[in-house]
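Sequential numbering from 1 applies to the sequence shown in UniProt numbering. C-beta atoms are modelled at their ideal positions from N, C-alpha and C, and glycine is treated no differently. Scroll down for the structure; my scribbles are underneath it.
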Amino acid sequence: MDESPSQLVSEIGAQLARLPRPNKDFLVKSLRQAATALSQIEQPSSSLASKKMEVMKKLENAIQPLSKSIIKRGLLRHSDKDVKLLVAICVSEIFRILAPEPPFEDRYLRDVFKLILSMFAELADITSPYFSRRVKILETVARCKCCVIMLDIDCNDLVIDMFNIFFSVVRENHQRSLINDIMSIMTHILNEEASKPLSDVILRNLIKEGMAESPAASKLAISVIESCAEKLEPFVCGFLTSCSLDRDAVENELKEFYHEILFKVFQCAPQMLLAVIPNLAQELLTDQVDVRIKAVNLIGKLFALPEHHVAQKYRNLFVEFKNRFSDKSVEVRLSALQCAKACYMSNPSAKESSELLSAVGGRFLDFDDRVRTLAVVVVCDIARLNLKIFPPELISKAAERLRDKKVSVRKKALQKLMEVYQDYCNKCSEGYLNIGNHFEQIPCKILMLCYDKDCKDFRSQNMEHILAEDLFPIHLSVEDRTRHWIHFFSLFTPLHVKALNSILTQKRRLQTEMQSYLVLRKKQKDNSSEEMQKRTKNSFMKMSASFPDASKAEDCFHKLNQMKDNNIFSALEQLLVESTIINAKTMRDKFLKMIGDKHPCFEFLQLLSSKCSFNVFSSEHVRCILDQLSGNISGYGNLEASSTKLLLVIINIFPSLLRGSEEQFRMLLEKHPIKDVLIEVLAKAAPYISVKFRGWNTPTILQSLGCIAQHSVSSFEAQYGEIRSYIIEKIFQIYGLKTLVKSFLPHRGSHINRQIDELLHILLSLLQKGDAFDGIILSASDKPHIRLAAAKSVLRLSRRWDLHVSPKTFCFTILMAKSSKYMEEFIKEYSIEARNHQPSAVQGESFTDYPAYVVVFLIHILAHDSGFPTEDCQDEQVYADFVSPLFWVVRALVNSNVVNGNKDLVNDAVVYLLSIFRAIKRAEDAIDASRTPFPVDDNFIKRVVQCLKSQFSMVVSCLPRRGRKYQEDGIRSGDAKYNTLNLASHKQAKLLGIEATEMHGSLRQDIVLGHRQRCAVSESVGLHIEHCKENAPMSSKPIQEKQISSSCDSATMKPSPSLSQSHESGALIGKRIKLLSPIDKCFYSGTVVGFNPCNKTHKVMRCSLCEWVSFSFLLTELQLLVMQLVLNLYLMGIPFHCF
1 MDESPSQLVS EIGAQLARLP RPNKDFLVKS LRQAATALSQ IEQPSSSLAS
51 KKMEVMKKLE NAIQPLSKSI IKRGLLRHSD KDVKLLVAIC VSEIFRILAP
101 EPPFEDRYLR DVFKLILSMF AELADITSPY FSRRVKILET VARCKCCVIM
151 LDIDCNDLVI DMFNIFFSVV RENHQRSLIN DIMSIMTHIL NEEASKPLSD
201 VILRNLIKEG MAESPAASKL AISVIESCAE KLEPFVCGFL TSCSLDRDAV
251 ENELKEFYHE ILFKVFQCAP QMLLAVIPNL AQELLTDQVD VRIKAVNLIG
301 KLFALPEHHV AQKYRNLFVE FKNRFSDKSV EVRLSALQCA KACYMSNPSA
351 KESSELLSAV GGRFLDFDDR VRTLAVVVVC DIARLNLKIF PPELISKAAE
401 RLRDKKVSVR KKALQKLMEV YQDYCNKCSE GYLNIGNHFE QIPCKILMLC
451 YDKDCKDFRS QNMEHILAED LFPIHLSVED RTRHWIHFFS LFTPLHVKAL
501 NSILTQKRRL QTEMQSYLVL RKKQKDNSSE EMQKRTKNSF MKMSASFPDA
551 SKAEDCFHKL NQMKDNNIFS ALEQLLVEST IINAKTMRDK FLKMIGDKHP
601 CFEFLQLLSS KCSFNVFSSE HVRCILDQLS GNISGYGNLE ASSTKLLLVI
651 INIFPSLLRG SEEQFRMLLE KHPIKDVLIE VLAKAAPYIS VKFRGWNTPT
701 ILQSLGCIAQ HSVSSFEAQY GEIRSYIIEK IFQIYGLKTL VKSFLPHRGS
751 HINRQIDELL HILLSLLQKG DAFDGIILSA SDKPHIRLAA AKSVLRLSRR
801 WDLHVSPKTF CFTILMAKSS KYMEEFIKEY SIEARNHQPS AVQGESFTDY
851 PAYVVVFLIH ILAHDSGFPT EDCQDEQVYA DFVSPLFWVV RALVNSNVVN
901 GNKDLVNDAV VYLLSIFRAI KRAEDAIDAS RTPFPVDDNF IKRVVQCLKS
951 QFSMVVSCLP RRGRKYQEDG IRSGDAKYNT LNLASHKQAK LLGIEATEMH
1001 GSLRQDIVLG HRQRCAVSES VGLHIEHCKE NAPMSSKPIQ EKQISSSCDS
1051 ATMKPSPSLS QSHESGALIG KRIKLLSPID KCFYSGTVVG FNPCNKTHKV
1101 MRCSLCEWVS FSFLLTELQL LVMQLVLNLY LMGIPFHCF
């Protein structure tokens, strides 16, 4: 009969006790048998305590011999591993069977636990053949909870060692049951008696997550803290609070890591730190920069925890954290920015996230470039998370950093903004977003980098690559790309268009030069002369200018020229003519694959092939624009105009891209309301396309021919004879006349081989009679418009063909000055240009550049006109008709509405007109200086002026209906502004002294005094006298103060001593003077209107000429003066040089 396990254990114990020196084999065999037998013994399960105690007593007696033998034979400290392992197994089983009572005396328990801990220390070696047995020991110890005995026998050091062993041996690949056993042992210890040393061990291992040696240790520490949070809280919180308040006073090596510890603890047991978190606000306010940086990083990580909502729970802490974005330390601001993205992502919809975005946006203008750069990066990264809810205005602000003063900021902003724009394009393509101006501003800002002079990377050579390959996502369709082009082109300013034209023109220049080189290379095979080599070298120099490094590119071109592989040149030639972007990309990829990235010139050929390809705009882009216009003929708003203008920009540089879309373009041109731009597109592309126009109306055809004549001279000249005959002999119209004129005014000064004399003769006939050909009969209503068109044509042609325009033609043109529309355009353009180019008064400017000087020529023509009324003519209407051109010119010159309300320009015109009239009035007969002017009846002249006014008010009803609209516009533009400038009475206007006043000095000085001049400050008010002519009539009635309108000011002031001595009492009354204002240090014109002998002060009326002159009164006075001049000059026969 077999023995029971307890009897076997007892016998084995007895055998070990009898042998004085048992060998290893005997020990191993005996201990293995004992371990097996012990594992088969279970504690009694009887519910009766007496019976259970009796069974336990029997088990204790059976096991006691083995226990004594282990102690007596010193097996706890045996050196053999096998023996030690078997002893440990036996000991752990004995603990299990006899639990909860310890099976050994207290004096032996320390050695027993040391043996057990030595087994735990080997758990890291999972490949050991003993690993399973060691795991069994751990399981048994955890099950019987015997480790708590170490606390009872004051073996706290062993407890700490055990904790350290567990943290050191735990591995990620350990089975879950093993980790649970370790957790069970540690939890039992902590629940029984937690201590600061144990807490330190746990915290030390808590921050080991980032270490490669044992990331599982951190997870174990987290599990322990989660399970024993209540027991560990006093020790953990005490340590963290001490570190936060006075870190230097803490004597613990962990104090340097307390921020990491706090964060980890908060992640696993946030309830432990309710009293600790608020203390972090003090760290944000400390003077130590390193402490503030660590505090910012910690708090940023706390706010980034998605489920804890720390920012909402600790509002005061969030406010202080937000203030760190404007911290005085750059490093602190950088740390705050680095935390912003994670904080925002934790809860994008929270109010705190919006506040964080505002704080980040506030750093766009930081004085440190690193902060500005990081702010752009953070904003762009956050925007890419969800473009739909991100504030678009913040993207606009980020785009402004493309204008930053630091190149590094501009480069980073360019990179991040392109990433945002690519994501935006993808979202629009997917239908997730609609196209919006804020995001479309990004390419606009990028284009402005072309004007950056500080960085070579932003030159047009590199910007082409950005537009072609970096701006849009790689797989974005041409249709979507074109949609975006149209939208952000609608936001372009002239500077944007100029930058785009510069990029495209450079690309076109290289393509053209490359085509010439390829042709030259073929010729060079047959004739390799020195001239050919020189032309080749010049071609390389021109093409290399399109590369970022011109010298390096030129060397590469020479290397390319020496290559013998004709496949390379054939591929480049094909790229130059392939106008579709998809095919061009396929050909380019095939070309680069053929070369291989190991080729020494691979990078150069990669860039060259890109520049040779139509990758910015292609024929597909043109087709998409035409589709867009065809589908939105009306009601497409500003984008319709943007589409046509973009099409014009593309065709202007690459006219061949319209090839293949001729029929679509023709149909669009027939229906589309914006024909002017489309006609110009047609003119640009005319040499490259073939379009059949069916059913077009004549004006549209003539407009198209006019644009072609200007932009494609060679194409037009080939058909000029036929076109001329058709216009002159069959359908003479204003559009036909414009077409002929445009053919002599080519774009950018191209050379014309035809003679202009015939056209000038036709224009002269039109100006004289209103028609030029006997075969074409024009209606009476058409003739005024034909004459007006002829006059305008002469003016346009005179800019280039002035030497060919006869005086007679010019004379008839001048007499057409009633056309206020074109005269106003002339005055507006040249007034502004003359003012912008005005030299300083010291240099002695000439006012012949101002439009007012045209009056000199007009008066000359009137004075020498053969149709001048006879000497005895008393018909005021005849005189009014004759002098009407001067009336219209003067009216336009003093109309501030013509020059966009610029009163300074009107003031200039009035001053120059007065100077001209006075100079002419002082002119003497070149033959007989004693000859006196012919006396003119003032009443007659007033009647003439009244006729002029009547003619002006009735001009609308006198014209044919077709011209009524623009005449009404002219009257409105002429009178609307002046209706607000009429004075209260005619007496106030007399203050000007127009009839009598002569400015002091020469004509040049007179003009200069018409402007406000800056002068140094003077203690007394300076008075500049303008002497009156002896025969100048003065106003006979005094001017009362109550009559002075609000546009004039009066001043009572004491003159300087020198002035008082030379001009006593009222000698200055009626004099024109200049007043130096002590406020803005400027001179103001005025008239002395009174003198007080008591205090010897003068009363001066100050006014601004262009602010309160009545339009009707000014015209009346000017016309009176002019009529006298013209009549006198006619009778005196004064030659032109006297002007």
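| Relative to the alpha-carbon of Gln628, which residue among Phe617, Arg403, Glu640 has its alpha-carbon at the smallest distance? | Here the question's residue 628 lines up with position 628 in the sequence shown. When only C-alpha atoms are compared, the closest one is Glu640.
| query | For Val899 versus Val910, is the C-beta distance shorter than 8 Å? | reply | Within the sequence shown, numbered from 1, the residue matching residue 899 stands at position 899. Within the sequence shown, numbered from 1, the residue matching residue 910 stands at position 910. For Val899 and Val910, no; Cβs fall outside 8 Å.
| task | Please state whether DSSP places Gly238 in a helix, a strand or coil. | result | As a first step, residue 238 must be located in the sequence shown, where it is residue number 238. Helix.
| said: Among the candidates Ser884, Gln511, Arg107, whose CA atom is the shortest distance from the CA of Ser950? | reply: Counting from one through the sequence shown, the residue named residue 950 turns up at place 950. If we check each option's Cα against that of Ser950, Ser884 comes out closest.
| request: Flag this pair as touching only if the region 595–610 and the region 559–573 have three or more C-beta atom pairs under 8 Å; answer yes or no. | output: Touching, per the Cβ criterion.
| message | Please report the distance separating the alpha-carbon of Cys1094 from that of Asn897. | response | The count along the sequence shown starts at 1 and reaches residue 1094 at position 1094. The count along the sequence shown starts at 1 and reaches residue 897 at position 897. Between Cys1094 and Asn897, the C-alpha separation is close to 47 Å.
| request: Report all residues from its chain with a CB closer than 8 Å to the CB of Pro197; omit the five preceding and five following residues, and keep chain order. | output: Counting from one through the sequence shown, the residue named residue 197 turns up at place 197. Excluding its 5 nearest sequence neighbours in each direction, Pro197 has C-beta neighbours in its own chain below 8 Å: Asn156, Ile160, listed in chain order.
| request: Could you please give the first and the last residue of the uninterrupted alpha helix (DSSP H) stretch that includes Val87? | output: Reading the sequence shown from its first residue, position 87 is the one you call residue 87. Run containing Val87: 81–98, per the alpha helix (DSSP H) assignment.
| Using the C-alpha atoms, what's the distance from Leu298 back to Arg134? | Start at 1 with the first residue of the sequence shown, and residue 134 comes out as number 134. Start at 1 with the first residue of the sequence shown, and residue 298 comes out as number 298. Spanning the two alpha carbons is a distance of roughly 41 Å.
| message | Within 10 Å of its beta-carbon, does Leu334 have 16 or more other beta-carbons around it, so buried, or fewer, so exposed? | response | As a position in the sequence shown, residue 334 is number 334, starting the count at 1. Answer is buried; the Cβ neighbour count reaches 16.
| message | Looking at the strands, I want to know which residues DSSP matches up with Phe1091. | response | Mapped onto the sequence shown, residue 1091 falls at position 1091. His1098, per the DSSP bridge assignment.
| said: Going residue by residue through the region 528–614, where are the continuous alpha helix (DSSP H) segments of at least 4 residues, counting only ones entirely within it? | reply: 530–544, 550–562, 566–577, 581–595, 602–612
| Beta-carbon contacts of Ser329 that lie in its chain and below 6 Å, excluding the five residues immediately before and after | Here residue 329 refers to the residue found at position 329 when the sequence shown is read from its first residue. So the list reads Val289, once near-sequence residues are dropped.
| field | Exposed unless 16 or more other CB atoms sit within 10 angstroms - verdict on Thr286 | value | By 1-based counting over the sequence shown, the position of residue 286 is 286. So Thr286 counts as exposed.
| task | Put Met816 into one of helix, strand or coil per three-state DSSP. | result | Locating residue 816 in the sequence shown gives position 816, where the first residue counts as 1. In the three-state reduction of the DSSP assignment, Met816 falls in the coil class.
| field | Given Trp801 as reference, the closest of Thr482, Ala499, Leu759, Glu833 once Cα atoms are compared | value | Here the question's residue 801 lines up with position 801 in the sequence shown. Of all alpha-carbon atoms in Thr482, Ala499, Leu759, Glu833, the one lying nearest the alpha-carbon of Trp801 is that of Leu759.
| field | Which of helix, strand or coil DSSP assigns to residue 1153 | value | The structure shown does not extend to residue 1153, since the chain is modelled only from 1 to 1139, so the question has no answer here.
| request: Indicate the three-state DSSP secondary structure (helix, strand or coil) for Ile169 in the structure shown. | output: Sequence index remark: in the sequence shown, residue 169 carries index 169 (1-based). According to the sequence as given, residue 169 is Val; it is not Ile. Assigned with DSSP and collapsed to three states, Val169 falls in helix.
| Where does Gly13 land, buried or exposed, given buried means 16+ other C-beta within 10 angstroms? | Here residue 13 is taken as the residue at index 13 of the sequence shown, counted from 1. When all chains shown are included, Gly13 counts as buried.
| Once you ignore the five residues that flank Cys873 on each side, which residues in its own chain have a CB closer than 6 Å to its CB? | For the purposes of this step, residue 873 is identified with residue 873 of the sequence shown, where counting begins at 1. Nothing meets the Cβ criterion.
| said: What ranges does the alpha helix (DSSP H) occupy inside the region 340–390, keeping only unbroken runs of at least 4 residues that lie completely in it? | reply: 351–361, 369–385
| From this set, Leu858, Asn939, Glu833, which residue's C-alpha is nearest Asp875's C-alpha? | Residue numbering aside, residue 875 sits at position 875 when the sequence shown is read from its first letter. Asp875 has its Cα closest to that of Asn939, out of Leu858, Asn939, Glu833.
| What residue ranges within the region 125–185 form continuous alpha helix (DSSP H) runs of no fewer than 4 residues, ordered along the chain? | For the alpha helix (DSSP H) assignment, the uninterrupted runs of no fewer than 4 residues enclosed by the region 125–185 are, from N- to C-terminal side, 131–144, 149–152, 156–169.
| message | Quick check: what's the CA-CA separation for Arg363 versus Ala398? | response | In the sequence shown, the residue the question calls residue 363 occupies position 363. In the sequence shown, the residue the question calls residue 398 occupies position 398. If you take the alpha carbons of Arg363 and Ala398, they lie about 10 Å apart.
| request: Compute the distance between the beta-carbons of Glu513 and Lys534, then report whether it is under 8 Å. | output: Within the sequence shown, residue 513 is the residue found at index 513, counting from 1. Within the sequence shown, residue 534 is the residue found at index 534, counting from 1. For Glu513 and Lys534, no; Cβs fall outside 8 Å.
| task | Quick one: residues in its chain with C-beta nearer than 6 Å to the C-beta of Cys664, no 5 flanking neighbours on either side, listed in chain order? | result | Looking up residue 664 in the sequence shown gives position 664. Position check: residue 664 holds Gln in this sequence, whereas Cys was assumed. Closer than 6 Å at the Cβ level, and outside the excluded window around Gln664, lie Leu626.
| Buried or exposed by the 16-neighbour rule on C-beta atoms within 10 Å, applied to Arg481 | Counting from 1 along the sequence shown, the entry for residue 481 is found at position 481. Flag for Arg481 reads buried.
| Bounding residues of the alpha helix (DSSP H) (the contiguous stretch that carries Ile202) | To locate residue 202, count along the sequence shown from 1; it is residue 202. Per DSSP, Ile202 belongs to the alpha helix (DSSP H) from 196–206.
| request: State yes or no: is the C-beta of Leu447 within less than 8 Å of the C-beta of Ala499? | output: Looking up residue 447 in the sequence shown gives position 447. Looking up residue 499 in the sequence shown gives position 499. Result yes, Cβ atoms of Leu447 and Ala499 sit closer than 8 Å.
| Which residue's Cα is closest to the Cα of Val889: His860, Glu824, Ser793? | Your numbering for residue 889 matches position 889 in the sequence shown. Of the candidates His860, Glu824, Ser793, the one whose C-alpha sits nearest the C-alpha of Val889 is Glu824.
| Buried or exposed by the 16-neighbour rule on C-beta atoms within 10 Å, applied to Ser642 | Sequence index remark: in the sequence shown, residue 642 carries index 642 (1-based). So Ser642 counts as buried.
| query | Which of helix, strand or coil does DSSP assign to Val276? | reply | Sequence index remark: in the sequence shown, residue 276 carries index 276 (1-based). Three-state DSSP puts Val276 in coil, outside helix and strand.
| task | With a 10 Å radius around its C-beta and 16 neighbouring C-beta atoms as the bar for buried, classify Thr421 as buried or exposed. | result | The residue labelled residue 421 in the question sits at position 421 within the sequence shown. In the sequence as displayed, the identity of residue 421 is Tyr instead of Thr. The residue is buried, with at least 16 neighbouring Cβ atoms inside 10 Å.
| query | Near Ile293, which residues of its chain fall below 7 Å by C-beta distance, leaving aside the five closest residues on each side in sequence? | reply | For this step, residue 293 is matched to residue 293 along the sequence shown. If we look at Ile293 and ignore the five residues flanking it on each side, its Cβ neighbours are Glu331, Val332, Ser335.
| request: Taking 8 Å as the cut-off, decide whether the C-beta atoms of Leu572 and Ser609 are in contact. | output: To locate residue 572, count along the sequence shown from 1; it is residue 572. To locate residue 609, count along the sequence shown from 1; it is residue 609. Yes, these two residues count as a Cβ contact at 8 Å.
| task | Starting from Leu764, follow the alpha helix (DSSP H) in both directions and report where the run begins and ends. | result | Start at 1 with the first residue of the sequence shown, and residue 764 comes out as number 764. According to the DSSP assignment, Leu764 belongs to the alpha helix (DSSP H) that extends over 757–769.
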